[in-house]
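Chemist: Numbering (the numbering used here), first residue to last: 7 to 274.
1. Just mark residue 250 as buried or exposed, buried being the case when its beta carbon has 16 or more other beta carbons within 10 Å.
2. Could you tell me whether the region 151-159 touches the region 102-110, where touching means 3 or more Cβ pairs closer than 8 Å?
3. Counting only runs of 4+ residues fully inside the region 200-252, write out the alpha helix (DSSP H) ranges in chain order.
4. Can you confirm whether the region 209-216 touches the region 85-98 when touching is taken to mean that 3 or more C-beta pairs between the two stretches lie within less than 8 Å?
5. Look up residue 159 in the DSSP assignment and say whether it is helix, strand or coil.
6. Take residue 59 as the anchor and find which of 109, 237, 121, 204 has the nearest alpha-carbon.
7. Given a threshold of 16 other Cβ atoms within 10 Å of its Cβ, counted over all protein chains shown, does residue 242 qualify as buried or as exposed?
8. Helix, strand or coil, according to DSSP, for residue 47 in the structure here?
9. Going straight from the alpha carbon of residue 116 to that of residue 261, what length do you get?
10. Measure the alpha-carbon distance for residue 238 versus residue 270 and round it to whole angstroms.
11. For residue 148, report the span of its alpha helix (DSSP H) as first-last.
12. Going straight from the alpha carbon of residue 197 to that of residue 89, what length do you get?
13. Leaving aside the five residues before and after residue 258 along the sequence, list all residues of the same chain whose C-beta is less than 7 Å from its C-beta, in chain order.
14. Determine the burial state of residue 57: buried for a count of at least 16 other Cβ atoms within 10 Å of its Cβ, exposed for fewer.
15. Is there at least one Cβ from chain C nearer than 9 Å to residue 105's Cβ?
16. Along the chain, where does the alpha helix (DSSP H) containing residue 13 start, and where does it finish?
17. Would you mind giving the Cβ-Cβ distance between residue 31 and residue 124, rounded to the nearest angstrom? I have them listed as a contact below 8 Å.
18. May I ask you to report which of helix, strand or coil DSSP gives residue 112?
19. Indicate whether residue 14 and residue 167 have their beta-carbon atoms separated by less than 9 Å.
20. Around the Cβ of residue 22, are there at least 16 other Cβ atoms within 10 angstroms (buried) or fewer (exposed)?
21. Are the CB atoms of residue 174 and residue 232 within a distance shorter than 9 Å?
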């Protein structure tokens, strides 16, 4: 028996794919390169990170990648930003998800609960392209790829579950509290710096490390780097706890959304 939050994916998968495809295509509509930008943009950002952090600032990451010089830190940084980007794209769009689709609210038979899934699939599409750029850069850098890279989907799945729960919660709250969108924008930036994206957690005072792991992306950032870049197993204990919390958040978020959705039309 599927958890309740998976039922929309099971019953409306065709509509979800269609809306997600429309969202992706709409982002590049009118541009000369179209979907090619989804590959060019992360490639350009990786080049910028390499130049700024590797060439100009000469930053290193505890010698975790023994080869690559200035490119190594950029690749490690890029992997963390990839996870942050996947989470915050959904996190920042969720509060206005219902108000941006008010035409669907007026349709009694439209399953509003699928909207967070469409945003997640759109964000996941761009994340997959960024992963491809990351893998290519890592392969060029090290001339080899550890088998642990096959565990990447396993490390990302708990994050996707967490994203859905948070998205349902914020999508509902955003209808009744319009300031939520401003708050999530600030929190998204805070998450960037209170995480192991720019530096290893080991560099932080022990008294503050717990704060880093309250960040919903920290465990996943560490896990992605472990399996893709360092050829190591992820911290299964941390990933297991994260997964349990994510499942609880997803179920509660879905329950809250379904409980409050009947008031959306009155407010909008």
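Each residue gets a CB set at the ideal place from its N, CA and C atoms; glycine is no exception.
Modeler: Judging by the given coordinates:
1. Walking along the chain shown from the start, residue 250 turns up at place 244. Classification for residue 250: exposed.
2. Touching, no, given that fewer than three Cβ pairs across the two stretches are closer than 8 Å.
3. Under the rule that a run must span 4 or more residues, the alpha helix (DSSP H) segments found entirely inside the region 200-252 read 212-218, 224-234.
4. With the cut-off at 8 Å, the region 85-98 and the region 209-216 do not touch.
5. Here residue 159 refers to the residue found at position 153 when the chain shown is read from its first residue. Note: residue 159 maps to helix in three-state DSSP.
6. Along the chain shown, read from residue 1 onward, the residue named residue 59 stands at position 53. Of 109, 237, 121, 204, the smallest CA-CA separation from residue 59 is found for 204.
7. Numbered from 1 along the chain shown, position 236 holds the residue referred to as residue 242. Answer is exposed; the Cβ neighbour count stays below 16.
8. Counting from one through the chain shown, the residue named residue 47 turns up at place 41. Helix, per DSSP.
9. Numbered from its first residue, the chain shown carries residue 116 at position 110. Numbered from its first residue, the chain shown carries residue 261 at position 255. Those two C-alpha atoms are separated by around 17 Å.
10. Here residue 238 refers to the residue found at position 232 of the chain shown. Here residue 270 refers to the residue found at position 264 of the chain shown. Rounded to the nearest whole angstrom, the CA to CA distance from residue 238 to residue 270 is 47 Å.
11. On the chain shown, position 142 is the one that residue 148 refers to. Residues 121-148.
12. As a first step, residue 197 is located in the chain shown; it is residue number 191 there, counting from the start. As a first step, residue 89 is located in the chain shown; it is residue number 83 there, counting from the start. For residue 197 and residue 89, the distance between alpha carbons rounds to 11 Å.
13. Within the chain shown, the letter at position 252 stands for residue 258. Cβ within range, chain order: 171.
14. Here residue 57 refers to the residue found at position 51 of the chain shown. With fewer than 16 Cβ atoms within 10 Å of its Cβ, residue 57 is classed as exposed.
15. In the structure shown, chain C does not exist; there is a single protein chain.
16. Counting from 1 along the chain shown, the entry for residue 13 is found at position 7. It spans 13-17 - the alpha helix (DSSP H) in which residue 13 sits, taken as one unbroken run.
17. As a position in the chain shown, residue 31 is number 25, starting the count at 1. As a position in the chain shown, residue 124 is number 118, starting the count at 1. Actually they do not touch by this definition, with Cβ atoms about 12 Å apart.
18. For this step, residue 112 is matched to residue 106 along the chain shown. If DSSP states are grouped into helix, strand and coil, residue 112 belongs with coil.
19. Taking the first residue of the chain shown as position 1, residue 14 is located at position 8. Taking the first residue of the chain shown as position 1, residue 167 is located at position 161. Result no, Cβ atoms of residue 14 and residue 167 do not sit closer than 9 Å.
20. As a working note, residue 22 is residue 16 in the chain shown. It is buried - the Cβ of residue 22 has at least 16 other Cβ atoms within 10 Å.
21. The count along the chain shown starts at 1 and reaches residue 232 at position 226. The count along the chain shown starts at 1 and reaches residue 174 at position 168. No, these two residues do not count as a Cβ contact at 9 Å.
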